[in-house]
Amino acid sequence: MSTAYRTNNILLTMGEDFHYQYAEMWFKNQDKLIKYTNARQSNGSAVNVFYSTPSCYLKALHDADITWPTKSDDFFPYASDPHAFWTGYFTSRPTVKRFERVGNHFLQVCKQLTALAPSKKGHFGPHLNVLREAMGVMQHHDAVTGTEKQHVANDYSRMLHRAIEACGANTQIVLNQIVDPVQKKGYEKKQNHGVKRDFTFEFDTCHLLNISKCEITESKDNFMVTLYNPLAHSGYQYVRLPVSGSKYVVKDYRGIETPSQMVPIPDSVQNLNYRFSNASYEVVFLANELPPLGFKSYYVSRIIESVDDFSKDSNPSVRVQADQPHFGSGWHSEEVTIGNKYLNISFDSNGFLSSIVANGISSRLRQTFVYYEAALGDNKEFSNRSSGAYIFRPNGTEKFVAESVQLRVVKGNLVQEVHQVFNEWISQVVRVYADENHVEFEWLVGDIPIEDGIGKEVVSRFYTAAQSNGVFYTDSNGREMIKRTRNHRDTWDLHLEEPIAGNYYPVTAKIALEDENLRLAVLTDRAQGGSSLEDGALELMVHRRLLHDDAFGVEEALDERAFGRGLVARGKHYVLFGSKKTSNPTLQARERFLQNQVLLPTWIFLSDTSKFKYEDWQKRFTNIYSALSLSLPLNVNLMTFEPWKDNSILVRFEHLLEKGEDQLYSKPVRFNLQDIFRSLAIEEVRETTLAGNQWKEDNKRFKFKPDPAYLQHVTRASLFGKGGPNAAADNGGVPMQSNGDAQQQEEEATESLRNVSNEGYEIVLGPMQIRTFVLQLEFRP
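Residues 1 to 781 (the UniProt record's numbering) make up the sequence shown, in order.
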């Protein structure tokens with residue numbers, strides 16, 4: 001055993017899943033093991049055993065003062081035997097994975113608004129902590145992974161829903177305080193006297209917008225849409241709301257009517273057996289100039305100009321017929337093209353996406369759905385492993401779900417979309433918004449049929465003409481992109497018994513491939529498993545329904561059901577595709593910016609405004625607000641903005657790009673905190689460690705020595721980039737030095753990026769860097 005370790009410090013780990021639950025017995029036995037092992041030292045044994053901790057072990061390794069190998073790849077995908085690749089849980093329970101992402105979205109919104117509350121009296125802290133704790137539980141390795149029993153998954157969802165509702169009390173209070181100044185005074189007075197609060201606006205959330213259902217927008221003739229932007233950049237968003245009328249007017253706070261479009265809800269969504277809604281259309285409008293870390297409200301009114309209009313609105317079948325001239329509502333059997341000034345996508349006569357024209361360059365782009373039949377076995381031998389919650393093990397190659405696809409086309413001034421029906425349980429909307437440079441794919445899968453007794457694992461697959469040579473890229477927790485090579489591992493020779501599952505990787509944000517000319521990237525709205533099983537092709541698993549357990553602890557099949565039937569899942573993929581040579585910013589930079597918008601789009605709050613005419617609403621209330629004086633630079637994200645202790649705020653800033661992704665946006669960036677947060681009255685700024693649990697000046701980190709071969713590689717790659725020493729010198733770089741000098745200079749350069757001037761409050765971020773600060777605010781009673 002000692003031959004596997006570089007020093008004489010040997011780590012003996014103790015513990016196992018489902019074991020060691022009787023702690024007293026195990027510690028007594030370990031005490032005996034330590035006692036009798038050490039007693040052998042009197043007979044010449046060199047082994048000394050004692051209880052330790054990871055930090056103590058790490059210190060012992062550092063004190064050995066030797067060099068160490070450096071691993072730059074990761075451990076995915078891992079397997080516990082030749083037929084058991086743990087790549088199924090990358091996709092298991094897709095709706096739980098999506099709900100976790102929604103929970104994080106609202107947690108950031110609730111943190112920010114709680115920190116910005118004009119009056120912080122009341123139960124703000126407890127309400128926020130409920131959601132913090134629920135999201136902490138959701139990170140458990142048997143929660144978001146989908147490897148829990150069904151009743152446990154149900155409990156996680158119940159807990160997260162209640163936590164979101166609890167934190168919704170905070171957002172309702174804060175938004176009312178900001179929107180209506182009278183509310184702030186009234187709130188403080190009622191808090192002091194224990195009087196029940198009566199708010200001006202509900203600021204409700206419609207949690208069923210993903211199936212086009214919302215009580216307020218469907219039942220009210222006048223309602224307010226408040227779009228809260230949690231990003232520190234001004235932005236825009238296309239808003240879609242289900243409505244029961246046929247004509248609506250959308251106005252902003254300046255009295256300007258915002259263009260809108262009525263879009264039919266896909267039949268497959270309307271026909272969901274658990275969707276109880278009168279809406280057959282969505283009103284779509286573009287919300288522009290959304291302030292950073294703030295909100296903008298719109299007043300939406302239903303227009304009924306005549307008795308005929310009322311009768312149309314009351315009869316959905318008549319309404320569809322009346323609006324038909326505006327849409328290509330029939331099923332198409334010929335080639336179809338939709339697009340905008342940036343891109344056009346075409347569908348062939350069989351209904352499949354076939355090509356794309358982006359920035360004037362035409363290329364092949366095909367998308368379809370396939371599924372793998374799940375392997376079935378008794379799990380007693382490796383070769384008899386079943387596919388399950390943990391394990392992805394297909395029984396053979398993919399099977400295509402359709403030879404032709406039904407199409408319906410919708411074209412308008414804001415969005416053009418194609419509604420596809422692949423079969424009875426798979427459909428999709430492919431849409432292109434005006435002025436967007438990406439394509440949105442909104443898939444609907446389920447319930448997956450199991451009448452044949454075979455589990456199925458459903459995949460969305462994209463084909464291009466790119467010569468990718470077996471190479472593709474997946475994100476690491478939404479940050480660095482990691483190079484993946486099909487049928488290859490960087491640190492050992494690979495032989496695969498499972499060539500499909502053994503090439504699947506976790507995709508939490510993005511998967512991409514490229515060649516010298518073309519690049520394809522697909523962004524996800526939740527964690528999924530993905531791969532490139534042939535050159536030029538990417539696939540993402542979107543749903544799985546299995547009939548047997550894989551014998552790794554769940555002890556029940558991953559057969560999710562809802563409302564008496566197999567679970568239906570709906571989600572989105574965002575596709576960017578184009579030439580690498582004609583894009584400025586680069587495609588990678590555009591992907592990074594879109595990725596941020598996908599993770600934290602505006603949060604939609606809705607309120608009934610029946611008791612306010614537009615003119616009263618416009619004059620009386622604050623309908624646009626920002627906590628920032630300026631937007632952050634485009635390549636900087638405000639990762640955290642939350643209330644801390646003693647009248648302070650915890651903030652984190654991250655540089656969004658890696659080195660070399662863009663000539664401009666990959667550079668270090670500098671900004672001034674006081675310029676950004678002028679309204680906060682900052683008294684002091686102190687930097688902490690990443691976790692915010694220690695002042696940075698108190699943190700003493702070990703510096704380990706890498707093996708010489710790695711040190712030389714890192715010195716050249718990080719200091720001089722891909723162009724070599726001369727290229728770096730031309731751009732303000734430094735000449736080549738000895739390994740020791742170069743390492744010292746690299747450390748000093750890194751430290752310089754961490755400095756913050758207490759006088760100017762200036763912060764510098766290098767590529768991919770995250771920095772954490774506590775902003776101490778002036779006390780204001």
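Even glycine gets a Cβ: it sits at the ideal position worked out from N, Cα and C.
One thing to note: A374 has its Cβ no nearer than 9 Å to the Cβ of T464.
Across the structure, A163 and C206 are spaced so that their CA atoms are roughly 15 Å apart. Just measuring C-alpha positions, the residue of S297, C214, H233 sitting nearest E257 is S297. Rounded to the nearest whole angstrom, the C-alpha separation of H233 and Q595 is 14 Å. The region 571-585 makes contact with the region 440-455, as at least three CB pairs between them are under 8 Å.
Looking at the DSSP output, N637 bridges to E654. The straight-line gap separating the alpha-carbon atoms of T67 and H655 is approximately 31 Å.
Here I173 carries a helix assignment [DSSP, helix/strand/coil]. By the beta-carbon neighbour count (other beta carbons within 10 angstroms, threshold 16), T217 is buried. Looking at L107, N503, P449, the one whose alpha-carbon comes closest to that of F472 is N503. Note on geometry: alpha-carbon atoms of I770 and D698 lie some 18 Å from one another. Taking C-beta atoms as the reference points, L272 and Y228 fail to come closer than 9 Å.
Exclusion of the five residues before and after N517 leaves S579, K580, K581 as the residues of its chain whose Cβ lies within less than 7 Å of its Cβ.
W492 sits exposed, since fewer than 16 C-beta atoms from the chains shown fall within 10 Å of its C-beta. With contacts defined by Cβ atoms closer than 9 Å, P82 and E591 do not form a contacting pair. Contact between the region 550-567 and the region 398-417 is absent: fewer than three C-beta pairs spanning the two stretches fall below 8 Å.
Beyond the five residues adjoining it in sequence on each side, A562 comes within less than 8 Å, by CB distance, of Y274, V568 in the same chain, given in chain order. The shortest CA-to-CA distance from L209 to any of Y281, P126, D221 is the one to Y281. Assigned with DSSP and collapsed to three states, P668 falls in coil, not helix or strand. In this structure, DSSP gives S626 an extended state, which the three-state scheme calls strand. Nearest C-alpha to M135 among E100, P118, D155: E100. The C-beta distance from L365 to L353 rounds to 6 Å, short enough to meet the 8 Å contact threshold. Rounded to the nearest angstrom, the gap between the Cα atoms of G470 and V598 is 28 Å. A distance of 9 Å or more separates the beta carbons of Q528 and T7. Taken in chain order, the complete beta strand (DSSP E) segments of 3 residues or longer contained in the region 576-618 are 603-608. Secondary structure at Y156: helix, using DSSP grouped into helix, strand and coil. Counting along the chain, H495 sits inside no alpha helix (DSSP H), nor does DSSP assign it H or E at all. With fewer than 16 other CB atoms across the displayed protein chains lying within 10 angstroms of its CB, N423 is exposed.
Counted as a single uninterrupted DSSP element, the alpha helix (DSSP H) harbouring P54 occupies residues 54-63. Q21 counts as exposed, since fewer than 16 other C-beta atoms from the protein chains shown sit within 10 angstroms of its C-beta. Rounded to whole angstroms, the gap between the alpha carbons of Y614 and E335 is 45 Å. For T87, the CB contacts under 7 Å within the same chain, skipping 5 residues up- and downstream, are P77, F392, A501, Y504, G529 in chain order.
Here A153 is not near E555, since their CB atoms are 9 Å or more apart.
N395 carries a coil assignment under DSSP once its states are collapsed to helix, strand and coil. Annotated as proximal: D707 and T70, with beta-carbon spacing under 9 Å. From the listed residues P585, Y36, S607, the smallest Cα separation to S666 is found for P585.
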